[in-house]
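Following our numbering, the numbering of the sequence shown begins with 157 at its first residue and continues without gaps.
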Amino acid sequence: MGAEKGTRVVADAIGALEVEKVVGPTDHANVPLSSFWSEQPVLIHVLRRFGCQLCRGGAVEMGKIIPQLEASGVRVIGVGIEKIGLEDFQKGGFWKGELYIDNGKKIHKALNIQKVGLLGSIRMLFSNKEVKNAIKKTKDTPGDFKGDGRQLGGTFVLAKGGETLLDFRQAHFGDHPTNVAILEALGLDTTAAKEATPVGPPPVCTDSVAA
Numbered sequence: 157m158g159a160e161k162g163t164r165v166v167a168d169a170i171g172a173l174e175v176e177k178v179v180g181p182t183d184h185a186n187v188p189l190s191s192f193w194s195e196q197p198v199l200i201h202v203l204r205r206f207g208c209q210l211c212r213g214g215a216v217e218m219g220k221i222i223p224q225l226e227a228s229g230v231r232v233i234g235v236g237i238e239k240i241g242l243e244d245f246q247k248g249g250f251w252k253g254e255l256y257i258d259n260g261k262k263i264h265k266a267l268n269i270q271k272v273g274l275l276g277s278i279r280m281l282f283s284n285k286e287v288k289n290a291i292k293k294t295k296d297t298p299g300d301f302k303g304d305g306r307q308l309g310g311t312f313v314l315a316k317g318g319e320t321l322l323d324f325r326q327a328h329f330g331d332h333p334t335n336v337a338i339l340e341a342l343g344l345d346t347t348a349a350k351e352a353t354p355v356g357p358p359p360v361c362t363d364s365v366a367a
């Protein structure tokens, strides 16, 4: 269950945790999460497996609004759960914001972000009617089998100081907030994002290389 908008539940739970820098403005190897929202609003996208083709697709889709976010003074942070697949993820240019690694999944533990069981993953793969369509939509996106394929992620938007504006936790693989929802949470113009929104249901990330 997500934190209520306007509270500091997320900030208080993860603020003291540190993540390892991959791409960012600081010279420090490890950075406290609280520094991300101390001076400006922030979007923190907790990525799943770097090799998941639909997770990569979700990162690219979110990347469409990164220029608008940064122009509006919003810091954009991606956080991976492990280094497996990191090099290929970076080479592919799937994420345009800052990038960090949460070694030990400290964020997941602090916020109780769920991991799908093996049987649940299998059921998700074979019983969800949206899966085949999602696979077709991302058939040209490269992916691999490396890393933890069952851990879910989330997207959090915090105001300067740590107040929660958006708490989105994945219910299934590939579950992402829309760009419109992110912009609305920040009180930013959504016109371009609405015009770019694809028709039809969002993709569900679960296939041989998406899980």
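Each residue gets a CB set at the ideal place from its N, CA and C atoms; glycine is no exception.
Counting only runs that start and end inside the stretch 172 to 260, the beta strand (DSSP E) elements of at least 3 residues fall at 174 to 179, 186 to 188, 198 to 202, 231 to 236 and 254 to 257. By the criterion of at least three beta-carbon pairs nearer than 8 Å, the stretch 172 to 181 is not in contact with the stretch 203 to 212. Counting the other Cβ atoms within 10 Å of the Cβ of E243 gives fewer than 16, which makes it exposed. Between F329 and L322, the CB-CB gap reaches or exceeds 8 Å. L344 sits in coil when the DSSP states are folded into three classes, being neither helix nor strand. As a beta-bridge residue in DSSP terms, F324 pairs with T311. Sixteen is the threshold: when 16 or more other Cβ atoms of the shown chains lie within 10 Å of the Cβ of T346, as they do, the residue is buried. Bridge pairing for K271: Q307 [DSSP].
Of F250, S277 and L275, the smallest CA-CA separation from E217 is found for F250.
D168: member of the alpha helix (DSSP H) spanning V165 to I170, first to last residue.
Contact between V235 and I269 does not hold, since their C-beta atoms are separated by about 11 Å, which reaches or exceeds 8 Å.
Setting aside the 5 residues that flank it on each side, D300 is surrounded in the same chain by G207, G241, D244 and V365, each with a C-beta closer than 8 Å to its C-beta; the list follows chain order.
The C-beta distance from R212 to T320 rounds to 27 Å, too long to meet the 8 Å contact threshold. Counting C-beta atoms within 10 angstroms of its own C-beta, H264 has 16 or more neighbours from the protein chains shown and is therefore classed as buried. Listed in chain order, the non-local C-beta contacts of K350 below 8 Å within the same chain comprise V336, local neighbours out to five positions each way being set aside. Using a 10 angstroms sphere on the CB of V179, the tally of other CB atoms stays under 16, which defines it as exposed. In terms of Cα proximity to G309, the closest of Q326, K295, G317 and D296 is Q326. DSSP, reduced to helix, strand and coil, places G162 outside both helices and strands of the structure shown, so it counts as coil. At the C-beta level, P197 and V230 come within 8 Å of one another.
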